[in-house]
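Have a look at the structure below before the remarks.
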DNA sequence: TTCTCATGGTGCTATAGTAGCATCACCATG
DNA sequence: CATGGTGATGCTACTATAGCACCATGAGAA
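Residue numbers (the working numbering), protein chains in the order written: chain A, 1 to 251; chain B, 1001 to 1251.
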C-alpha cells in the first residue's frame, strides 16, 4: 500500500490548491470569502476566487447572498461516494455499537492537517445514528485520536506537520505532544486528560494510521483501580481496532 | 441557494478534470489504469496520469502493485469532512429508522452523472448501521431515486445529462425514463417496477433535488389494495422527506 | 521463443491556461 | 463623506500544463 508524498512528473498545482480550498471551506463549516481563504492558505486571492468559482460551477461549492462560499449540493454526492469508498464508518459502526456498552462516549476520527475530524461521536444515551457526523473538528495535539495517529507516523513527518504554517504549534504545545506521543508508543494507546473528570484514550487504526478510535469523557475520579480500568478500556479499543482492520484490510 | 453551472472568469480546467478523475475512480470501486480512465472520460492519458499521480501525492489515491489507481488513505478524511458538511445522512437516519417499520428496504441516494450512489440501503432484518454505504451505484434511469431526482430537474438539463457521452441512453431508454418522469411529476413520487414482486417508489429531497428517499423491493403481488398501499407508502416517504428538508434547510 | 500490443510513466517544448496586478462596484464603519 | 475591506474581472506576462514521442514492462498470441 502506497503512502502519500511522492510527486509525479509535472504535479498539477491547480488540483492540489483546488482540493485544499475545498477541504478548508468544508472544515470551516461556515460561508467563507475568497480573500479570507486566500490569507488562510497563503494563496493569492484572485486564484482562490477562480478556484472557488470553479468548485461552485461543478456543484461542490455554492455562493451565498453575500458572495461567500459554502458547501454546495455536490457535497452530498461526494459524501455518498467517499463514504462507500472509505468503508471505514460502515466497518467500525458495529464495533462502536458494542463499545458503547461501557457507558462512555465513543469517537472515530481522522487527522486533517492539525485537526481531528470525526466520523462518529456519540454514546448510548442517544441512538447510534445520532453520533454520525456529530462532532466538530478538534485540535489534534489536544486530542487522543490526533495523538494516536501522530504517534503512528514517521516522527519527522509528524513534526513537520505540526510545526509548519501560521497555526504551527508553540514550543510548549509541541513538547506536550511529544510527551504524549512517547507515552502512546510505549503504551499502545494514547491518553489525554482534559480535566480530572474527563480523560480520553484512543488507539490508531491501520499502519500507517488512517484513523483513531477513542473512548472519551472517562471520569477517573470515580474509579478505584484507575490503571486497571484504563488497561481494560484500551484493551477493548485495541480489540475493536484489530477487527476493524481485518474487515477493512483483510489482514 | 445557488445551483451549479455558471462558470467564473477563468474556470480552472485542471480542477474540473482532476475532480472528475477522482470521482470516476471512486465510482469504479476497483483499481483503474490511467489509459482506461482517459478513454472513459475522453481525456488524454498523459494528463490523466499526471492528475492521478497528483491525487496520489495528496493521499486521495494510491497506486497498486500493478500501477493502477484506487482510493487512498485521504479518502477517509474526505468521507469524514463531506459527511459532516452534507449532514444529509445524519438528518435522514432517524426517519429511515422509523420507515423501516414497513418491513421494506429503505434507500437514500444521490445522482452522480447517470448513476445513483447510495448513502443508505437497508431494512430491519439488519441493524441500521449495516445499511450505511451498503449498496453499489445503480443506473439512474432504471432507479426510482434517479427518476425522482431527474423529474425535479429542469427538463432540458435532465435530457442533456442522459443523452450526452458514450454511455448516453438509447431512444427506448429515454422514452421509458420520460414516461416515468411524467408520472413522477403527476404523482409526487416515482415508481419503478423491476418485476411484479419488486417495485420501488421514491420521493426527491430538496428543490432542486439533492437526493432521493425510497422504499425498495415492494412485493405488490401480496397486496389487495395496491393503489392504497402505494399511496400510503409514498405518503410516509413524503412526510419523512419534509422532515429531512426541515432539518437540513430550516424551511 | 518471438512478436505484438497495451500499459503506466516521463522528457520535451509549444502553447493554452493560469497567476497576479490593477481596477471596479459594492458594502460596512467611523 | 472618507476609508478600508470585500468579491470579481480584464489584461497580459509567463509558466504550468497538454500532448506528442518515446521508453520499459508485462501479457497474450502465434
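All C-beta atoms in this analysis are idealised placements derived from N, C-alpha and C, irrespective of residue type, glycine included. All of these numbers come straight from a predicted model, not from anything done at the bench.
Distance between beta carbons of residue 1061(B) and residue 1136(B), contact taken as under 8 angstroms: Between residue 1061(B) and residue 1136(B) the Cβ distance is about 20 angstroms, and since that is not below 8 angstroms, they are no contact.
Buried or exposed (CB count within 10 angstroms, at least 16 for buried), residue 1086(B): Counting of Cβ neighbours within 10 angstroms places residue 1086(B) among the buried residues, the total reaching 16 or more.
Residue 76(A): contacting residues in chain B (beta-carbon distance under 7 angstroms): Within chain B, the residues near residue 76(A) are 1086, 1088, 1110, 1210 and 1211.
DSSP three-state assignment for residue 1117(B), whether helix, strand or coil: Note: residue 1117(B) maps to strand in three-state DSSP.
Residue ranges of each beta strand (DSSP E) within the segment 1104-1173 of chain B, 3 or longer: The qualifying runs are 1105-1112 and 1115-1122.
Alpha-carbon to alpha-carbon, residue 1171(B) and residue 208(A): Going by the C-alpha atoms only, they are around 50 angstroms apart.
Chain B contacts made by the segment 117-134 of chain A, where a contact means CB separation under 8 angstroms: Within the segment 117-134 of chain A, the qualifying residues are 117, 118, 119, 127, 128, 129, 130, 132, 133 and 134.
Contacts around residue 1112(B), its chain only, beta-carbon distance under 8 angstroms, and the 5 residues preceding and following it disregarded: Exclusion of the five residues before and after residue 1112(B) leaves 1023, 1027 and 1137 as the residues of its chain whose Cβ lies within less than 8 angstroms of its Cβ.
C-beta contact flag for residue 1149(B) and residue 76(A) at 8 angstroms: It is not a contact, given that the beta carbons lie outside the stated cut-off.
Three-way DSSP call (helix, strand, coil) for residue 175(A) in this model: Taken through DSSP and simplified to helix, strand or coil, residue 175(A) comes out as helix.
Reference residue 245(A), options 38(A), 6(A) and 89(A), closest by Cα: Of the candidates 38(A), 6(A) and 89(A), the one whose C-alpha sits nearest the C-alpha of residue 245(A) is 89(A).
Alpha-carbon spacing of residue 1(A) relative to residue 1054(B), whole angstroms: Because the pLDDT at residue 1(A) is just 33, under 50, the model does not fix this residue reliably, and the value given afterwards should be weighed accordingly. Each residue's alpha carbon lies about 16 angstroms from the other.
Where the segment 143-168 of chain A meets chain B: residues whose CB sits under 7 angstroms from a CB there: Listed by position along the chain: nothing, the set is empty.
Other residues of its chain near residue 185(A): CB distance less than 6 angstroms, five sequence neighbours each side excluded: Excluding the 5 residues flanking it on each side, residue 185(A) has same chain C-beta neighbours closer than 6 angstroms at 151, in chain order.
Segment contact flag, the segment 160-169 of chain A with the segment 111-128 of chain A, C-beta cutoff 8 angstroms, min 3 pairs: At 8 angstroms Cβ cutoff, the stretches touch.
Where the beta strand (DSSP E) containing residue 69(A) begins and where it ends: Membership of residue 69(A) in the beta strand (DSSP E) is indicated by the continuous run 69-71.
Residue 1212(B) versus 73(A), 153(A) and 7(A), residue with shortest Cα-Cα distance: For residue 1212(B), the closest C-alpha among the options 73(A), 153(A) and 7(A) is that of 73(A).
Chain B contact for residue 12(A) (CB, 8 angstroms cutoff): Answer yes: the Cβ-Cβ gap between residue 12(A) and chain B drops below 8 angstroms somewhere.
DSSP-derived helix/strand/coil call for residue 62(A): Residue 62(A) sits in a strand when the DSSP states are folded into three classes.
CA-to-CA distance, residue 18(A) to residue 41(A), given in whole angstroms: It is roughly 11 angstroms from the alpha-carbon of residue 41(A) to the alpha-carbon of residue 18(A).
Helix, strand or coil at residue 1003(B) [DSSP, three-state]: Bear in mind that a pLDDT of 41 at residue 1003(B), under 50, signals an unreliable position, so the model cannot answer this.
Chain B contact residues for residue 97(A), given Cβ-Cβ distances below 8 angstroms: Within chain B, the residues near residue 97(A) are 1127 and 1129.
Local Cβ density within 10 Å of residue 1123(B), reported as buried at 16 or more and exposed below that: The residue is buried, with at least 16 neighbouring Cβ atoms inside 10 Å.
Neighbour flag for residue 237(A) against chain B, beta carbons, 8 angstroms: Answer no: the Cβ-Cβ gap between residue 237(A) and chain B never drops below 8 angstroms.
Cβ of residue 1107(B) within 8 angstroms of any chain A Cβ: No, residue 1107(B) lies away from the interface with chain A (no Cβ there is under 8 angstroms from its Cβ).
Residue-level contact to chain B via CB, residue 243(A), 8 angstroms cutoff: With 8 angstroms as the cut-off, residue 243(A) does not count as an interface residue toward chain B.
is_contact[residue 50(A), chain B] using C-beta, thresh 8 angstroms: Taking Cβ atoms only, chain B reaches closer than 8 angstroms to residue 50(A), which makes this a yes.
Alpha-carbon to alpha-carbon, residue 1104(B) and residue 1196(B): Approximately 15 angstroms between the Cα atoms of the pair.
Under 8 angstroms between C-beta atoms of residue 204(A) and residue 95(A): For residue 204(A) and residue 95(A), no; Cβs fall outside 8 angstroms.
is_contact[residue 1041(B), chain A] using C-beta, thresh 8 angstroms: Interface flag for residue 1041(B) against chain A is unset, since no Cβ pair is found closer than 8 angstroms.
Sheet register partners of residue 198(A) (DSSP bridge): 195(A), per the DSSP bridge assignment.
Own chain residues within Cβ distance below 6 angstroms of residue 219(A), not counting five before or after: Here the set comprises 197.
Residues that residue 16(A) contacts on chain B, provided the C-beta gap is smaller than 7 angstroms: What residue 16(A) touches in chain B: 1054 and 1058.
Nearest residue (CA-CA) to residue 1201(B), options 1067(B), 1070(B) and 1235(B): For the residues 1067(B), 1070(B) and 1235(B), the minimum Cα distance to residue 1201(B) belongs to 1235(B).
Neighbouring residues, chain A, relative to residue 1071(B) (Cβ below 9 angstroms): Identification of chain A residues near residue 1071(B) by a Cβ-Cβ cut-off of 9 angstroms yields 82, 85 and 86, ordered along the chain.
Spatial distance of residue 156(A) from residue 1126(B) (CA atoms): Rounded to the nearest angstrom, the two C-alpha atoms are 45 angstroms apart.
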